[in-house]
Amino acid sequence: MYQATAQSVREGLVERWNDTYAHFHKENPKQAYYLSMEYLQGRALTNAIGNMGLTGEYSEALRSLGYTLEDVMSVERNAGLGNGGLGRLASCFLDSIATLDLPAWGYGLRYKYGLFKQGVDKATGEQLEYADDWLEVGNPWEVARPQVSYPISFYGKVVNGKWAPGKQVRAVAYDSPIPGYKTRNCISLRMWDAQPSAVEFDLAAFNASDYETSMGPTNLASMLCAVLYPGDGTREGKALRLSQQYMLCSASVQDILARWKERGNSDWSKLHEKVAIQMNDTHPTLAAPELMRILMDDEGLSWDDAWAVTKKTVAYTNHTVMPEALEKWPLDLVEELLPRHMEIIKRIDEEFIASAAKAKAAKAAKKDDKKKDDKKKKESEEEKPAMVRMANLCCISGMAINGVAAIHSEIVKDFTFNDFYKLFPEKFQNKTNGVTPRRWLAFCNPQLSAVITKWVGNDKWVTDTDELRKLAEHATNPELQAEWKAAKLARKKICKDYIKKVTDIDVPIDSMFDIQVKRIHEYKRQFLNILGIIYRYKQMKAMTPEERAKCVPRVCIFGGKAYATYTQAKRIVRLINNVGSVVNNDPEIGDLLKVVFVPDYNVSLAETLIPASELSQHISTAGTEASGTSNMKFQMNGCLIIGTLDGANVEIRECVGDDNFFLFGITDPEVEPARAERAAGKFVPDARFTETLEYVRSGVFGDKFEELLGSLEGNEGFGRGDYFLVGKDFASYLEAQERVDVAYADSMGWTESSIISTAFSGKFNSDRTIDQYAKEIWGIKPCTVPERK
Ligand code: H2P
Numbered sequence: 000m001y002q003a004t005a006q007s008v009r010e011g012l013v014e015r016w017n018d019t020y021a022h023f024h025k026e027n028p029k030q031a032y033y034l035s036m037e038y039l040q041g042r043a044l045t046n047a048i049g050n051m052g053l054t055g056e057y058s059e060a061l062r063s064l065g066y067t068l069e070d071v072m073s074v075e076r077n078a079g080l081g082n083g084g085l086g087r088l089a090s091c092f093l094d095s096i097a098t099l100d101l102p103a104w105g106y107g108l109r110y111k112y113g114l115f116k117q118g119v120d121k122a123t124g125e126q127l128e129y130a131d132d133w134l135e136v137g138n139p140w141e142v143a144r145p146q147v148s149y150p151i152s153f154y155g156k157v158v159n160g161k162w163a164p165g166k167q168v169r170a171v172a173y174d175s176p177i178p179g180y181k182t183r184n185c186i187s188l189r190m191w192d193a194q195p196s197a198v199e200f201d202l203a204a205f206n207a208s209d210y211e212t213s214m215g216p217t218n219l220a221s222m223l224c225a226v227l228y229p230g231d232g233t234r235e236g237k238a239l240r241l242s243q244q245y246m247l248c249s250a251s252v253q254d255i256l257a258r259w260k261e262r263g264n265s266d267w268s269k270l271h272e273k274v275a276i277q278m279n280d281t282h283p284t285l286a287a288p289e290l291m292r293i294l295m296d297d298e299g300l301s302w303d304d305a306w307a308v309t310k311k312t313v314a315y316t317n318h319t320v321m322p323e324a325l326e327k328w329p330l331d332l333v334e335e336l337l338p339r340h341m342e343i344i345k346r347i348d349e350e351f352i353a354s355a356a357k358a359k360a361a362k363a364a365k366k367d368d369k370k371k372d373d374k375k376k377k378e379s380e381e382e383k384p385a386m387v388r389m390a391n392l393c394c395i396s397g398m399a400i401n402g403v404a405a406i407h408s409e410i411v412k413d414f415t416f417n418d419f420y421k422l423f424p425e426k427f428q429n430k431t432n433g434v435t436p437r438r439w440l441a442f443c444n445p446q447l448s449a450v451i452t453k454w455v456g457n458d459k460w461v462t463d464t465d466e467l468r469k470l471a472e473h474a475t476n477p478e479l480q481a482e483w484k485a486a487k488l489a490r491k492k493i494c495k496d497y498i499k500k501v502t503d504i505d506v507p508i509d510s511m512f513d514i515q516v517k518r519i520h521e522y523k524r525q526f527l528n529i530l531g532i533i534y535r536y537k538q539m540k541a542m543t544p545e546e547r548a549k550c551v552p553r554v555c556i557f558g559g560k561a562y563a564t565y566t567q568a569k570r571i572v573r574l575i576n577n578v579g580s581v582v583n584n585d586p587e588i589g590d591l592l593k594v595v596f597v598p599d600y601n602v603s604l605a606e607t608l609i610p611a612s613e614l615s616q617h618i619s620t621a622g623t624e625a626s627g628t629s630n631m632k633f634q635m636n637g638c639l640i641i642g643t644l645d646g647a648n649v650e651i652r653e654c655v656g657d658d659n660f661f662l663f664g665i666t667d668p669e670v671e672p673a674r675a676e677r678a679a680g681k682f683v684p685d686a687r688f689t690e691t692l693e694y695v696r697s698g699v700f701g702d703k704f705e706e707l708l709g710s711l712e713g714n715e716g717f718g719r720g721d722y723f724l725v726g727k728d729f730a731s732y733l734e735a736q737e738r739v740d741v742a743y744a745d746s747m748g749w750t751e752s753s754i755i756s757t758a759f760s761g762k763f764n765s766d767r768t769i770d771q772y773a774k775e776i777w778g779i780k781p782c783t784v785p786e787r788k
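Residue numbering for the sequence shown follows numbering that gives the first Met the number 0, beginning at 0 and increasing consecutively.
In C-alpha cells:
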C-alpha cells in the first residue's frame, strides 16, 4: 500500500516537476546550485502530500481501503544520507527554495548505504553499527536518468597543460522531486551514482580469467558511492573521501555548464549572471578548481578570464570553527589524484600570496603587524607534509563567505578567518540558519498545529511564521493553555509508546520530557547532561521518601550517533545506557527519574521526539556550536531550552526573552582564560562535580569509566584535560536545572513560556534564511510556474 500510495503521489508531482523544468528553461533565470555531501531528507510521503495540500484526501482514500495514513507512511525508509545538522539544513533549504518558487537545485551523492543504523548492545550498553541499506526495497521517490551522465577522471598526469587521466568512472543522475508548499513549483535534488566506465572495462583480461584486472573500474565505482564519510585514517581512506568530493563537484559543474549552454547562453564572462554555486561547507571546495579547469582546458578561456568569472560564481558556507574539523588534505595526495587541479590550486595560492603581500605593503603595515605576519608565514611554510587547506581555498575563491548564526559569523571574522577578513571584509556575511515549519511543525505535530491555527485565526503561519506572534496575546488564556497542554500530552503519549516499543522502557507521561538529541560529540556535551543526571540520582538516593516525593519527575531522553571511530563519544553512549539500566530499575526511584537512550536517531525519530518535548538541552561549550538547528525545532514546538550562550541559542533567547530561557555557563570570551586557568593547575572544581565523578568511580554504574572521567581531569594519556570545560560549567548547569524544576512545578507559568516560545520562533523559518541567501548571495529571484491552461 505504501508503494501504491507513493506511486500515486509521484504521478501528481511529475507534472509539476516537468512544468518547473520547462519554465526555468524558457525563462533562463539566474539559477543557484546547492552542492552538499549530505542530505537528510527523511521520509518523503507525508511531506509531499502535505506540501500539495492533499493530506486529507489521501487519509480518506486510504481509510476507505482499510489503512491509516500513519501506518502507511511509517513503512517508508528514512533517506539518511547525512550525519547531522549540516545535512538536515540542506534538506530544509530545498523545501524553502521550492516553496519560495526560487530557481535553485540541490546536488549530492547517492550513497548505497546511509551513515549507519545504530543499535545498542543490551548487555554492555555499547553502540552497535550496521550498514543502512536504505535502497533495499527500492526508492519510489527517485528517477534514474541514464542519459544524464558525465565522465569523472582521476590520477594520470598533465601533458601540455592538459590532463591525461589515468582512471575514469561515470557519474549517472538520479533525480528526486522536491515540491514546494502550496505552489506548482517542484525542484530537483540530483544525486550522482558512480558507474564503471565501459571504455575502461578490460574485456581481454576478463576473457583470460583475470577478473581482478578487468573489474578494477567496477570496484572503484562501487566504492565511490558506497558510504558517506568512509574512515579516513589511512591514505586509501583519504583518497576515497577526496574522490567522492571530486565526483560530486565534477559531475555537478559539468551538468551546470551543460544546462547553461542548453538554455542558449554562450558568453562565459557572464556565467555568474546565470549561475551561483553554493558550497555547503568545505567538502565541495573542488568545485572552484574544477570550474577553472573546464573553463580553461575545455572552453579555451585564459587564466585571467576563467578566474574573474569563477570568483563571482562560487560561494562558501562555514559550519564549524573547530580547527580539527577544518578540512585539509596532503598536497601530494591531491597531486596524485588530481594533478591538473593541483596545478590550478598552486597558482591560485601563488597569486593570492602575491596580491596579499601587495595589499599589505600598500597599507604600510605597522612594524608589529609585520613581525606577526612573518611569523605566521613561517609557520605555514614549515608545515610538513604540505597540506591543501580547503577552507582557505574557499575564502580565496568565494564571492561570499557566511557563518550560520550571528555569534558564529562574528567568530569566523574575528578568529577563524581573520586574515582573510582583513583582506576582503566585503565577502563576509551572516545567514542565521532556519528550519522548515512545514516538516518541523505543521506536519510532524498536527495536534499543536490545529491549536495554533485556531488561535492565530488561519494557517498562514505555515509559511509566514511571524503570524505565530499572535499566540503571545493569548499566552495566559486558560482555554488556550488547556488546549496547548492537551496537544502536548497527546504527543507525549505517542512518544511514550514509541519508547516502549524500541527500548521496552516504561516512561510516565506526567513527568517532564527532557530531551537532548544530536550527534554525540564532546563539544555538544552530552557528558555534562548525563553527569547532571547522575548528580540528581545521587541526591535522590540520599533523600527520605517524603523529600523524594517532592522532586519534579523527569524522563531524560538522549538520541544521537557517535561516529564509528570516535572512541570517546562511544564511551559517552555507554555511560548513558549504563546509567539508564541502574536508574530505571531502582525501585526507590520508581517513576521519579528515567533515563532513555533511543537508538538510531534520524529524521523520523526527531519528528516523534520533538513534539513531545518540554525541555531540551543545547549545552555546548560557548563558541563551539556554530548554530544548532534542533534548538529551533524544539522552540517551534513549544519546548523550553536550557542552554549556553552559543550558536543560535543567542538569537533564540533574544526572541523568547530571558525569562523563557534557562541560561547557564561561561561565555565565549571566558573560554580561553578558563582553559589557561586549568592548564596552570589553578582551577578548583565545584564539590558537586568531584562528588559526581567519585560516585561513578565507585562502580555504581558497573564499569568505572576511567578513560572518560580521566579526560575531564587531564590525567596523563586521557585526552586534553576537560577541553570542553564540563567541570567549569557544572555548578552553573546544576543551578539552571534547579530553576527548571521550580518553573515546571508552576504549570500555568510553564505553559505560558511554552506558548511564548512558539510565538517567537518565526525568525527561525528556513524561508527567511533562503530569502536572504537568494537576495544577498545568489542574486536570484522567484520564477513561479504558471497554472496549466
Ligand atoms: C553543523 C554544526 C551546527 C550547525 C549545522 C548546520 C556542522 O551540524 O555543528 O552547529 O547548526 O552544521 O549549519 P552538526 O553538528 O549537527 O553536524
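Glycine included, C-beta positions come from ideal geometry on N, C-alpha and C.
Give a yes or no on whether the C-beta atoms belonging to K523 and S603 are separated by under 7 Å.
no
Suppose you measure from the CA of Q428 to the CA of S626; what does that come to, to the nearest Å?
14 Å
Mind checking whether the beta-carbon of S615 lies closer than 6 Å to any heavy atom of ligand 1?
no
Could I get the ranges of all uninterrupted alpha helix (DSSP H) runs contained in the segment 648-728, with 4 residues as the minimum, in chain order?
648-655, 667-678, 686-696 and 705-712
Start-end ranges of the beta strand (DSSP E) lying completely within the segment 523-565, minimum 3 residues:
553-558
Leaving out five residues on either side along the sequence, give the residues of the same chain with a beta carbon under 7 Å from the beta carbon of S448.
L440 and A441
Between the beta-carbon of E751 and the beta-carbon of A486, is there less than 7 Å?
no
Closest by C-alpha distance to R292, when choosing among M321, V252 and L470:
V252
For L88, which residues in the same chain have their Cβ closer than 7 Å to its Cβ, ignoring the five residues on either side in sequence?
Same-chain partners within the cutoff: N432 and T628.
Given 6 Å as the limit, tell me if S626 has its C-beta closer than that to any heavy atom belonging to ligand 1.
yes
Residue burial classification, R299 (beta-carbon count within 10 angstroms, cutoff 16)
A quick correction: the sequence has Gly, not Arg, at residue 299. The residue in question, G299, is exposed, as its Cβ has fewer than 16 Cβ neighbours within 10 Å.
Run the proximity test for V516: is its beta-carbon closer than 6 Å to any non-hydrogen atom belonging to ligand 1?
no
If I measure Cβ to Cβ from L591 and keep anything under 7 Å in the same chain, skipping five residues before and after, which residues do I get?
M539, R547, C550 and P552
On a Cα-Cα basis, can you pick out the residue from E737, E235 and D18 that is closest to I186?
D18
To which residues does DSSP link K32 through a beta bridge?
Per the sequence presented here, residue 32 reads as Tyr, with Lys not at that position. Looking at the DSSP assignment, Y32 forms a beta bridge with W104 and I276.
So the candidates are E141, K111 and D296; which of them puts its Cα closest to the Cα of E342?
D296
Secondary structure of S221, DSSP reduced to three states:
The answer is helix: DSSP assigns S221 an H, G or I state.
Can you tell me whether S379 is helix, strand or coil according to DSSP?
With a pLDDT of only 49 at S379, under the threshold of 50, the placement of this residue in the model should not be trusted, and no figure is reported.
Buried or exposed, going by whether 16 or more other CB atoms sit within 10 Å of the CB of E715?
Residue confidence for E715 is low, a pLDDT of 47 falling below 50, so the modelled location carries little weight; the figure read from the coordinates is stated next. Exposed.
N-terminal and C-terminal residue of the beta strand (DSSP E) that T316 is part of
V313 to T316
Taking buried to mean at least 16 other C-beta atoms within 10 Å of its own C-beta, is M398 buried or exposed?
Buried, because 16 or more other Cβ atoms sit within 10 Å of the Cβ of M398.
Same chain only: Cβ atoms within 6 Å of C555, ignoring 5 sequence neighbours per side
Contacts found: D513, I532 and V594.
Quick check on DSSP: helix, strand or coil for M398?
coil
Identified DSSP bridge partners for S187
The partner list for S187 (beta bridge, DSSP) reads P176.
Whose C-beta lies closer than 7 Å to the C-beta of E378 among residues of the same chain, with five residues either side of it excluded?
Residue placement at E378 is poorly supported in this model, since its pLDDT is 47, which falls under 50; the coordinates still yield a value, given next. Around E378: no qualifying Cβ.
Is the CB of E482 under 7 Å away from at least one CB in chain C?
The structure shown contains no chain C; it holds only a single protein chain.
Straight-line Cα distance separating G402 from E425
Using only the alpha carbons, I get a separation of about 14 Å.
Just mark N457 as buried or exposed, buried being the case when its beta carbon has 16 or more other beta carbons within 10 Å.
exposed
Classify F660: buried if its beta carbon has 16 or more other beta carbons within 10 angstroms, exposed otherwise.
buried
Nearest by alpha-carbon distance to Y562: which of G55, L114 and E26 is it?
L114
Taking the continuous alpha helix (DSSP H) assigned at R292, which residues delimit it?
A286 to R292
Residue burial classification, L290 (beta-carbon count within 10 angstroms, cutoff 16):
buried
Using DSSP's beta-bridge definition, name the partner residues of H617.
G642
Would you kindly check if the distance between the Cβ of Y173 and the Cβ of R109 is under 7 Å?
yes
Distance between S760 and D770 (C-alpha atoms, nearest Å):
17 Å
Under 6 Å from any heavy atom of ligand 2, does the C-beta of G84 make it?
Ligand 2 is not part of the structure shown, which contains ligand 1 as its ligands.
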